[in-house]
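To start, the structure under review is shown below, and the notes come after it.
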């Protein structure tokens, strides 16, 4: 398991736990969740008190692959490279579940799910660079 990816997941989980959600392209959590599971374009932004923002963007599906990004940016929209940064994922749609979204939000229900979703992230996501 990539230690940097695990660190990113842990930091994002801590940030997500203390934040609130603002749905940019959808009106509520069930709508965003449905779009994520179907890999339909959408965005979820969660602002933090330090003016940074965690954003999950669903770009869409192509040839059975779901493309989405998750990133933390500062108040100038610059990627926080010294912090959690971001990831760019291209995951087979058959592997996308509610547990994948829960993982991105730091809400893994068990250590087994955490391990499974961390492996999925390690296998199909690249660290985003600016």
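Numbering (mature numbering (1 follows the signal peptide of the UniProt record, and there is no 0)), first residue to last: -24 to -1, 1 to 106.
Using N, Cα and C, we set each Cβ at its ideal position, and we do this for glycine too.
Counted within 10 angstroms of its Cβ, other Cβ atoms place residue i as buried (16 or more) or exposed
i: residue 82; result: buried
i: residue 103; result: exposed
i: residue 86; result: exposed
i: residue 29; result: buried
i: residue 46; result: buried
Beta bridge counterpart(s) of residue i as assigned by DSSP
i: residue 85; result: For residue 85, which the question treats as bridged, DSSP gives no partner whatsoever.
i: residue 23; result: 29
i: residue 64; result: 45, 102
For residue i, three-class secondary structure by DSSP
i: residue 99; result: helix
i: residue -1; result: Since pLDDT at residue -1 reaches only 43, below the 50 mark, its modelled position is unreliable, and no value is offered.
i: residue 45; result: strand
Backbone CA spacing between residue i and residue j [nearest angstrom]
i: residue 33; j: residue 101; result: 14 Å
i: residue 27; j: residue 12; result: 25 Å
i: residue 78; j: residue 70; result: 16 Å
i: residue 38; j: residue 66; result: 10 Å
i: residue 17; j: residue 6; result: 14 Å
i: residue 51; j: residue 40; result: 35 Å
i: residue 98; j: residue 48; result: 18 Å
i: residue 88; j: residue 21; result: 27 Å
i: residue 63; j: residue 19; result: 15 Å
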